[in-house]
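Notes for the one structure printed next.
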């Protein structure tokens with residue numbers, strides 16, 4: 055207990071920084087590996103293409119990127 059009190063000025067900011075890093079990591083992983091979110095982005099992309107908001111070239115490029123992210127997300131889930 056005494057050691058905790060003595061090291062508090064150093065350990066508290068470090069623990070806080072580690073907690074923040076963990077939160078950021080969780081958010082990034084959720085963004086990268088959330089299949090539902092990626093599928094929603096694919097649907098939104100298709101809708102934008104159907105409405106003429108984006109060109110076919112843009113659609114094809116973005117779709118390929120999202121499909122690759124979906125493949126990676128599924129591989130990540132299978133590896134867990």
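In the numbering used here, the protein residues as written are 55 to 134.
The beta carbon of each residue, even a glycine, is placed where N, CA and C say it ideally should be.
Computed from a prediction, not measured in an experiment: that's the story for all the values here.
{"Asked": "Residue range of the alpha helix (DSSP H) that residue 108 falls in?", "Found": "Taken as a continuous stretch (DSSP letters only), residue 108 belongs to no alpha helix (DSSP H), as it is neither H nor E."}
{"Asked": "How is residue 134 classed by DSSP in three states: helix, strand or coil?", "Found": "coil"}
{"Asked": "Could you give the C-beta distance for residue 92 and residue 123, rounded to a whole number, given that I count them as a contact under 8 angstroms?", "Found": "5 angstroms"}
{"Asked": "So, are the CB atoms of residue 75 and residue 99 less than 8 angstroms apart?", "Found": "no"}
{"Asked": "Count the other C-beta atoms from every protein chain shown that fall within 10 angstroms of the C-beta of residue 118, then say buried if there are 16 or more, exposed otherwise.", "Found": "exposed"}
{"Asked": "Is residue 170 near residue 87, with beta carbons less than 8 angstroms apart?", "Found": "This structure cannot speak to residue 170, because the chain is shown only from 55 to 134."}
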